[in-house]
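First the structure, in the form of structure tokens, and then the observations on it.
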Amino acid sequence: MPDQDLLQRRYRVLGKRAPLFYDEPLHLVRGEGVWLYDAEGRRYLDAYNNVPHVGHCHPRISDAIARQASQLNTSTRYLHENIVAYGERLVSTFDASLPMVMFCCTGSEANELALRIARECTGNMGIICTAHSYHGNTAAVVQVSSFLSTAEQRGRYVRTIPVIDPYRERGDMSEDELATRYADEVQKAIDAFEADGVRVAGLLMCSGLSCEGLPDVPAGYLARAVEKVRRAGGVYISDEVQGGFARFGSHFWGHQKLGVTPDIVTMGKPMGNGHPLAGVVARRELMEDFAERNPMYFNTFAGNPVSCAAGMAVLDVIADEGLQGNAQTVGRYVLDMLRGLADKHAAIGDVRGSGLFFAVEMVEDRVAKTPAGGVARRVVNAMRERGVLISRIGVHDNILKIRPPMPFSTAHADQLIDTLDAVLCSL
Numbered sequence: 006m007p008d009q010d011l012l013q014r015r016y017r018v019l020g021k022r023a024p025l026f027y028d029e030p031l032h033l034v035r036g037e038g039v040w041l042y043d044a045e046g047r048r049y050l051d052a053y054n055n056v057p058h059v060g061h062c063h064p065r066i067s068d069a070i071a072r073q074a075s076q077l078n079t080s081t082r083y084l085h086e087n088i089v090a091y092g093e094r095l096v097s098t099f100d101a102s103l104p105m106v107m108f109c110c111t112g113s114e115a116n117e118l119a120l121r122i123a124r125e126c127t128g129n130m131g132i133i134c135t136a137h138s139y140h141g142n143t144a145a146v147v148q149v150s151s152f153l154s155t156a157e158q159r160g161r162y163v164r165t166i167p168v169i170d171p172y173r174e175r176g177d178m179s180e181d182e183l184a185t186r187y188a189d190e191v192q193k194a195i196d197a198f199e200a201d202g203v204r205v206a207g208l209l210m211c212s213g214l215s216c217e218g219l220p221d222v223p224a225g226y227l228a229r230a231v232e233k234v235r236r237a238g239g240v241y242i243s244d245e246v247q248g249g250f251a252r253f254g255s256h257f258w259g260h261q262k263l264g265v266t267p268d269i270v271t272m273g274k275p276m277g278n279g280h281p282l283a284g285v286v287a288r289r290e291l292m293e294d295f296a297e298r299n300p301m302y303f304n305t306f307a308g309n310p311v312s313c314a315a316g317m318a319v320l321d322v323i324a325d326e327g328l329q330g331n332a333q334t335v336g337r338y339v340l341d342m343l344r345g346l347a348d349k350h351a352a353i354g355d356v357r358g359s360g361l362f363f364a365v366e367m368v369e370d371r372v373a374k375t376p377a378g379g380v381a382r383r384v385v386n387a388m389r390e391r392g393v394l395i396s397r398i399g400v401h402d403n404i405l406k407i408r409p410p411m412p413f414s415t416a417h418a419d420q421l422i423d424t425l426d427a428v429l430c431s432l
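Per our numbering, the very first residue in the sequence shown carries number 6; after that it's consecutive.
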């Protein structure tokens with residue numbers, strides 16, 4: 006069936022608010038490792054998708070799901086080894102102060118639950134989030150996803166802090182001065198809440214500030230920001246949906262890279278390699294307090310035996326295939342190559358990243374650092390035409406987002422860089 010027919014059928018049944026990537030949507034039928042295949046058999050290098058964290062259709066994940074699905078799949082109201090064993094394995098990757106987990110099906114659910122825990126256990130209502138953040142799509146989580154909501158929709162219980170942008174704002178400031186400046190924005194939000202009769206319940210931040218553009222976070226910033234929030238009676242919630250599971254290479258969780266242990270951590274997307282699995286990890290006193298306030302938290306599908314089998318297999322593959330080390334090694338290689346492209350192409354204003362997560366900032370002018378959203382859009386679509394998939398992020402949609410599955414190799418990196426070089430030469 007022609008793709009245009011399929012597209013029109015999709016519009017009729019799903020509407021046009023269900024987004025698609027690229028000016029010419031891609032009709033995919035198969036995936037394997039870091040490769041995706043369209044309906045005509047053309048192969049694409051996936052340098053974007055983090056949901057298939059250990060690779061598309063990894064046989065160990067597929068086998069684990071099929072094996073458990075053929076035996077039993079039921080709710081968590083029955084005892085089963087999988088949920089306990091997986092929970093133990095998962096929390097072992099965190100600091101000892103984060104020993105308990107509650108399972109969900111999506112990152113949106115996880116963040117919604119984290120907001121409930123923060124608000125109920127502190128007795129406060131105010132949530133601080135970053136401008137241009139994305140944390141999910143439930144009613145409560147959209148309010149703290151400033152990427153999706155207006156100030157009016159956010160209401161009096163949500164305050165945003167400006168996007169961290171050292172690339173444009175560092176100037177002559179030292180690292181310490183920059184960290185202080187950004188942390189002061191958190192205090193301003195706390196003060197604004199209190200002036201409105203609201204006390205702060207929590208600071209919710211993506212560990213990589215991913216949708217905000219993956220900025221280089223000044224050393225000491227987060228520790229100072231979190232200290233201000235805790236002093237005001239709130240907690241720190243780290244959203245690890247994009248930064249977790251060794252994505253940054255140096256650490257298993259993004260908050261570990263930043264050197265601050267959260268009170269609550271949320272996770273999703275890559276957790277089951279595409280199988281719906283998410284979770285909330287938190288301090289024991291918060292979990293026990295929440296349990297006392299809520300006689301039952303029950304989510305029919307969360308933590309079911311099949312989901313936990315998928316989650317356990319993901320952890321096994323990360324360990325057995327050395328994917329955290331691979332993220333470090335290949336990540337350094339990609340970063341060096343991207344910086345080489347920046348030396349060659351004036352349209353690249355800045356390159357940053359860690360592990361297998363990169364941001365390439367496109368600008369109209371390197372001196373003025375004017376965001377080039379239109380250029381970024383053309384690059385993303387031209388890369389797709391040449392068989393490499395990436396996306397774009399940032400307040401001005403001018404930042405190329407490169408975030409491949411974890412088995413990404415130096416050979417794959419060479420194809421990515423060669424293609425990006427060719428596209429930039431063609432602009």
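Backbone N, C-alpha and C define an ideal beta-carbon position, used for all residues, glycine too.
Please confirm whether residue i and residue j have their CB atoms less than 7 Å apart.
i: MET130; j: VAL285; result: no
i: GLU114; j: ALA283; result: yes
i: ILE133; j: ALA194; result: yes
i: ASP355; j: GLU369; result: no
i: ALA69; j: ALA318; result: yes
i: VAL191; j: ALA228; result: no
i: GLY316; j: TYR83; result: no
i: VAL408; j: TYR53; result: Here the sequence assigns Arg to residue 408, which means Val is not the residue at that position. Result yes, Cβ atoms of ARG408 and TYR53 sit closer than 7 Å.
i: PRO310; j: ASN78; result: yes
i: ILE66; j: CYS313; result: no
i: HIS32; j: ALA23; result: no
i: ILE422; j: MET342; result: yes
i: SER150; j: HIS140; result: yes
i: SER212; j: GLU180; result: no
With 16 other CB atoms within 10 Å as the buried threshold, where does residue i fall?
i: TYR187; result: buried
i: HIS61; result: buried
i: THR135; result: buried
i: HIS137; result: buried
i: ASP348; result: exposed
i: VAL217; result: Residue 217 is actually Glu in this sequence, not Val. Buried: at least 16 other Cβ atoms inside 10 Å.
i: VAL384; result: buried
i: ALA332; result: buried
i: CYS443; result: An answer regarding residue 443 cannot be provided, because it is not within the stretch 6 to 432 covered by the chain.
i: LEU208; result: buried
Using C-beta distances below 7 Å, list every residue in its chain close to residue i, excluding the 5 sequence neighbours before and after it, in chain order.
i: LEU118; result: MET107, CYS109 and VAL285
i: VAL56; result: LYS274, PRO275 and GLY279
i: VAL428; result: VAL384, ALA387, MET388 and ARG391
i: MET6; result: Because MET6 carries a pLDDT of 46, less than 50, the predicted location of this residue cannot be relied on, and no value is offered for it.
i: ASP426; result: LEU346
Looking only at its own chain, which residues have a Cβ that is under 8 Å from the Cβ of residue i, when we skip the five neighbours before and after it?
i: PHE99; result: TRP258, VAL270 and VAL286
i: LEU328; result: VAL59, ALA251, VAL322, MET411 and PRO412
i: ARG48; result: TRP40, LEU41, TYR42 and GLY392
Counting only C-beta atoms, is residue i closer than 7 Å to chain B at any point?
i: LYS374; result: You won't find chain B in this structure, because it holds only one protein chain.
By Cβ distance, which residues of its chain are closer than 6 Å to residue i, with the 5 residues on each side in sequence left out?
i: PHE253; result: GLY259, LYS262, SER359 and GLY360
i: GLY225; result: ALA184
Self-check item: Every unbroken beta strand (DSSP E) within the region 33-66, with a cutoff of 3 residues, ordered by chain
Solution: Here the runs fully enclosed are 33-37, 40-43 and 48-51.
Quiz item: Counting only runs that start and end within the region 305-368, where is the alpha helix (DSSP H) found for 4 or more residues in a row?
Solution: 310-325 and 328-349
Quiz item: Taking the runs of the beta strand (DSSP E) that are 3 residues or longer, which of them lie wholly in the region 84-117?
Solution: DSSP runs (the beta strand (DSSP E)) wholly in the region 84-117: 105-109.
Quiz item: What beta strand (DSSP E) runs, 3 residues minimum, are completely inside the region 369-394?
Solution: Taking 3 residues as the minimum length, the region 369-394 contains no beta strand (DSSP E) run wholly inside it.
Self-check item: Three or more C-beta pairs below 8 Å linking the region 198-211 and the region 155-170
Solution: yes
Practice problem: Flag this pair as touching only if the region 17-27 and the region 235-242 have three or more C-beta atom pairs under 8 Å; answer yes or no. | Solution: No: fewer than three Cβ pairs fall under 8 Å.
Self-check item: beta strand (DSSP E) runs contained entirely in the region 229-289, provided each spans 3 or more residues
Solution: 240-244, 269-272 and 283-287
Exercise. Identify every run of the beta strand (DSSP E) within the region 142-167, keeping only runs that are complete inside it and at least 3 residues long; order them along the chain.
Key: DSSP runs (the beta strand (DSSP E)) wholly in the region 142-167: 163-166.
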